[in-house]
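Residue numbers (our numbering): -2 to 287.
Where is the CB? At the ideal position from N, CA and C, for every residue including glycine.
The structure presented is a predicted model; accordingly, all values stated were derived computationally and were not measured.
Shown next, in structure tokens, is the structure this report addresses.
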């Protein structure tokens, strides 16, 4: 279990480095195409500003978009006590607790660090999970907080948006650019190719980060409760009942415990969540049920 956590952390660092290299490379191509070396600096500054804004606002946005309502202890003693006990176990303050009125069993955590954390669960999750299963799901979500996964996700998704913006600017700039010069023609074609391929590459990198963090949170949650079977059982119930929610928000889907979106033909390739059966298998192996 410890080795899996360490391996996932290393892989995420490598992927984030690749992600930053992609943004920097796209900025350099743009600067060469327009013949202005300062554009690379402007791209870097703009990316940092965009990421900073997302960093401080994404949690409130995610909660609002999904209709999450904050509760106090007296509103749901069972849920509050489980979250409170897990937070004590992890060694940080109890996060803000929210409930989403939705029959689909699901949950998500958000917040850039443990001091600014929130956890939200659906009414459907509370209805079908016993205490051990609910504890497993919430331990998984607090595992995201403990591992600073949410911070990584915010940065990754912000960089995806930055890549998309730069790519769009390159394409639009090409409409008004004189490309008679051979050098301009070269960077015109390179720029167009980069503008088309970079968002795809950025999305695949972001998906790789999200999937790795889900496996990591499963391992962390199982380590916290010392009972991976509880989390595995919760996943089995979700596999049967489904996790698709009434509100379809692709911009926040990566936060959720299980994929909240309707499945499409490319759902396996472009899902931020690894297959549930794979997660169950890994948890069973952790619990000695290979």
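Query	Result
Run of the beta strand (DSSP E) containing residue 115, from where it starts to where it stops	115 to 119
Own chain partners of residue 228 with C-beta closer than 8 Å, once the 5 adjacent residues on each side are dropped	130, 133, 134, 136, 137, 215, 218, 219, 222 and 280
Span of the alpha helix (DSSP H), counted from its first residue to its last, around residue 249	Residue 249 -> no alpha helix (DSSP H), and no H or E assigned at all.
Own chain partners of residue 230 with C-beta closer than 6 Å, once the 5 adjacent residues on each side are dropped	130
Opening and closing residue of the alpha helix (DSSP H) in which residue 278 lies	273 to 283
Extent of the continuous alpha helix (DSSP H) run through residue 59	35 to 62
Of the listed residues 190, 158, 169 and 145, nearest to residue 45 (C-alpha basis)	158
Alpha helix (DSSP H) segment containing residue 68, residue limits	From DSSP, residue 68 is part of no alpha helix (DSSP H); its letter is neither H nor E.
Contact set for residue 25: own chain, Cβ-Cβ below 8 Å, skip 5 residues either direction	37
Beta-carbon proximity list for residue 89, same chain, < 6 Å, skipping 5 on both sides	111
Residue 273 versus residue 64: straight-line alpha-carbon distance, rounded	25 Å
Contact the stretch 228 to 247 vs the stretch 144 to 156: 3+ CB pairs below 8 Å	no
Straight-line Cα distance separating residue 212 from residue 226	15 Å
Residue 113 to residue 103 span [Cα, whole Å]	21 Å
Residue nearest to residue 145 in terms of C-alpha spacing, selected from 30, 21 and 252	252
Residue 77 - containing alpha helix (DSSP H), residue span	74 to 87
Beta-carbon gap between residue 160 and residue 195 smaller than 7 Å	yes
Nearest-angstrom beta carbon gap, residue 92 and residue 74 [assumed within contact, 8 Å]	About 17 Å separates the two Cβ atoms, so there is no contact after all.
Contact set for residue 81: own chain, Cβ-Cβ below 7 Å, skip 5 residues either direction	91
Within 7 Å, strictly: CB atoms of residue 269 and residue 62	no
Extent of the continuous alpha helix (DSSP H) to which residue 229 belongs	225 to 238
Sequence-distant residues of the same chain with beta carbon closer than 8 Å to residue 48, five excluded per side	151, 152, 155, 156 and 159
Range of the contiguous beta strand (DSSP E) that encloses residue 101	Premise fails: residue 101 is in no beta strand (DSSP E) and is neither H nor E.
Distance, residue 162 Cα to residue 168 Cα	10 Å
Exposure label - residue 275; buried when at least 16 CB within 10 Å	exposed
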